[in-house]
Amino acid sequence: MRSPNLIGYFTDPIARVGRIGLFLLRILAQVAPALARPRLIIAQIFNCGARSLVIIMLSGLFVGMVLGLQGYALLQRFGSESSLGVAAALGLIRELGPVITALLFAGRAGTSLTSEIGLMRATDQLSAMEMMAVDPLRRIVAPRFLGGLLAMPLLAAIFSCIGIYGAQLVGVSEMGIDTGTFWSQIQSNVELRDIGEQLVKSLVFGLACSLLAVYEGYHAEPTAEGVSLATTRTVVSSAVLTLVLDFLITAAFI
Amino acid sequence: MSNPHPASPAGDAAPVIRVTDVHYGLGGATPVFSGLNLAAASGQITAVLGPSGTGKTTLLRLLMGMIRPQSGTVEVFGEQVPQLARAPLYRLRQRVGMLFQNGALLTDLTVFENVAFPLREHTKLPESLLRRLVLMKLQAVGLRGAAQLMPAELSGGMARRVALARAIVMDPELLIYDEPFVGLDPISMGMVLRLIQALNQTLGITSIVVTHDVHEISRIAHYSYLLAGGRVVAQGNPEQLRADHSPVVNQFMNGLSDGPVPFHYPAPDYFTELLGRE
Numbered sequence: 000m001r002s003p004n005l006i007g008y009f010t011d012p013i014a015r016v017g018r019i020g021l022f023l024l025r026i027l028a029q030v031a032p033a034l035a036r037p038r039l040i041i042a043q044i045f046n047c048g049a050r051s052l053v054i055i056m057l058s059g060l061f062v063g064m065v066l067g068l069q070g071y072a073l074l075q076r077f078g079s080e081s082s083l084g085v086a087a088a089l090g091l092i093r094e095l096g097p098v099i100t101a102l103l104f105a106g107r108a109g110t111s112l113t114s115e116i117g118l119m120r121a122t123d124q125l126s127a128m129e130m131m132a133v134d135p136l137r138r139i140v141a142p143r144f145l146g147g148l149l150a151m152p153l154l155a156a157i158f159s160c161i162g163i164y165g166a167q168l169v170g171v172s173e174m175g176i177d178t179g180t181f182w183s184q185i186q187s188n189v190e191l192r193d194i195g196e197q198l199v200k201s202l203v204f205g206l207a208c209s210l211l212a213v214y215e216g217y218h219a220e221p222t223a224e225g226v227s228l229a230t231t232r233t234v235v236s237s238a239v240l241t242l243v244l245d246f247l248i249t250a251a252f253i
Numbered sequence: 000m001s002n003p004h005p006a007s008p009a010g011d012a013a014p015v016i017r018v019t020d021v022h023y024g025l026g027g028a029t030p031v032f033s034g035l036n037l038a039a040a041s042g043q044i045t046a047v048l049g050p051s052g053t054g055k056t057t058l059l060r061l062l063m064g065m066i067r068p069q070s071g072t073v074e075v076f077g078e079q080v081p082q083l084a085r086a087p088l089y090r091l092r093q094r095v096g097m098l099f100q101n102g103a104l105l106t107d108l109t110v111f112e113n114v115a116f117p118l119r120e121h122t123k124l125p126e127s128l129l130r131r132l133v134l135m136k137l138q139a140v141g142l143r144g145a146a147q148l149m150p151a152e153l154s155g156g157m158a159r160r161v162a163l164a165r166a167i168v169m170d171p172e173l174l175i176y177d178e179p180f181v182g183l184d185p186i187s188m189g190m191v192l193r194l195i196q197a198l199n200q201t202l203g204i205t206s207i208v209v210t211h212d213v214h215e216i217s218r219i220a221h222y223s224y225l226l227a228g229g230r231v232v233a234q235g236n237p238e239q240l241r242a243d244h245s246p247v248v249n250q251f252m253n254g255l256s257d258g259p260v261p262f263h264y265p266a267p268d269y270f271t272e273l274l275g276r277e
């Protein structure tokens, strides 16, 4: 490993961004051949998406219930507790849904992708594929990248729906807000643009988290320590990048 | 028997592999190869022998274009491997089967699917024909009954045999074995030995066997190279190697710790270090 120096602190992250960008281009070049084998992609949507459902739904429910409690307490001060439904819905659809889903995705599916590909590297499975004239980028990396990319918007939508239900549980069942008021406020104030913001965010976060996960796995040192470090880097980088991208996309939509 | 010149294996057949004056290093003080020369004749079993750490596996990676030499030429089927772009390199690899040291089976696929993997990727055979081909290869390695097991359920020796079935499923022209006998019980070892010989004799497959099991491979190899210090230090057919009494060949063939090949990694004086003196 190179000894750290002052210039390296600035140039290394830039070089890393460049390498990740080039890796994305190499994956994109393999997307069309990978789409010819849809079963592999569907298997990865199942792996990244369906297997993350429990944690996404549970988290969505509790985040929605907390929003219900906090929102009610805040709105009550201004006598507008009837707006709880729309406040929770907009918060979940535009912000918390995609962001928390991305953070959970990085922890649940991202780590799984990184460690799986890293272990395949460590046990010569990727080398064996190359020796069989099969490009691992097409057979292993591209389907996992696409699976993660497509699973994220679905998971974010499920998170938001369950979250709104959680807010309704607290607001209507516990705090006594009228059911009709709760839902009609949502119906009249949530616009297509809000749904679009969620879709854009979750697609961008899906791309970022999946790309980082497969990049780190593919380039992991072929040792137990190397795979462990790569998995940690996946979670940390994905979380930071998600929050930075969230700010940029939110600013673009406001 | 030392030979600094390009190798001339036994037989008149054209070489499938020719490595000429290859230099390769990882940046350390000692290069892995410094002027390596060897060749493998078509239709023959060529053994590459040498103590651990002499770069035998590195040689295989050079042959298959996974790494590039700093200088020298690596020629396989008449093509300069280091200069090949990805597409022609992949076409070349389809003519080659390789058995990895640890098997390198795909852990998310069954034994059957592992063996079927190259066929599914490179051919459009109907399922019934593909099934028969896979079962025939599994029968050849004695594991037809294990077709539905996962790699995690196999012993190390069984995994190696499945990997061998996968390596031959595309009927390659060249088979490369990386330490095929390590970890095998005597029955499996004898079977693998006979299989390498049978594949060579019946199908005429050229074989490169990298190993340090001198006595096993001497029974079937047509020609052998002994590597040490980054180059070929001896070569010839088994009889010629056995008759060679140079110190390095004598040490390797008879498993002696004292000789030109050091057993100990370079270190400070043993007693000084034990007694804690600087």
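In order, the protein sequence lines correspond to chains A and U. Counting in numbering that gives the first Met the number 0, the final residue of the first sequence is number 253, and the numbers go up one at a time with none missing. Counting in numbering that gives the first Met the number 0, the final residue of the second sequence is number 277, and the numbers go up one at a time with none missing. For each residue, glycine too, the CB sits at the ideal point set by N, CA and C. Everything numeric in this text was worked out from a predicted model, so none of it was measured.
Query	Result
Status (buried if at least 16 other CB within 10 Å, exposed otherwise) for D177 of chain U	buried
Chain A within 8 Å of V15 of chain U, Cβ atoms only	no
Under 7 Å by beta carbon: chain A residues contacting A103 of chain U	T122, D123, Q124, S126, A127
CA nearest to the CA of T210 of chain U, picked from U:D243, U:L61, U:F251	U:F251
Counterpart residues of V209 of chain U in DSSP-defined beta bridges	U:V47, U:D177
C-alpha gap between A72 of chain A and V62 of chain A, whole angstroms	15 Å
Cβ neighbour criterion (16 or more within 10 Å) applied to R38 of chain A	exposed
Within 9 Å of chain A by C-beta, residues of the region 99 to 130 of chain U in sequence order	F99, Q100, N101, G102, A103, L104, L105, T106, D107, F116, P117, E120, H121
Residue from U:H221, U:L25, U:L124 whose Cα sits closest to the Cα of L240 of chain U	U:H221
Spatial distance of L68 of chain A from M174 of chain A (CA atoms)	9 Å
Where the region 69 to 93 of chain U meets chain A: residues whose CB sits under 9 Å from a CB there	R85, L88, Y89, R90, L91, R92, Q93
A219 of chain A - DSSP class collapsed to helix/strand/coil	coil
Cβ contact (3+ pairs, closer than 8 Å) linking the region 93 to 110 of chain U and the region 119 to 134 of chain A	yes
Assigned exposure category for L191 of chain A - 16 Cβ within 10 Å defines buried	exposed
8 Å Cβ cutoff, A223 of chain A in contact with chain U	no
8 Å Cβ cutoff, M97 of chain U in contact with chain A	yes
Cα-Cα separation, A233 of chain U to G49 of chain U	10 Å
Proximity winner among A:A250, A:R232, A:L247, A:I253, relative to R15 of chain A (alpha-carbon distances)	A:R232
Listed by chain order, chain U residues near M130 of chain A by CB distance under 7 Å	M63, R92, M97
Segment contact, 8 Å Cβ cut-off, at least three pairs: the region 133 to 148 of chain U with the region 89 to 109 of chain A	no
Coil, strand or helix - A33 of chain A by DSSP	helix
Coil, strand or helix - R218 of chain U by DSSP	coil
Enclosing alpha helix (DSSP H) for V16 of chain A [first to last residue]	5 to 28
Where N36 of chain U sits in the DSSP three-state scheme	strand
Enclosing alpha helix (DSSP H) for L88 of chain U [first to last residue]	85 to 92
Neighbour list for V133 of chain A in chain U, Cβ cutoff strictly below 7 Å	E120
Buried versus exposed, by CB contacts within 10 Å (16 or more), E215 of chain A	buried
Rounded C-alpha distance that separates A139 of chain U from L194 of chain U	8 Å
8 Å contact criterion, which A229 of chain A and T113 of chain A should meet: CB distance rounded	5 Å
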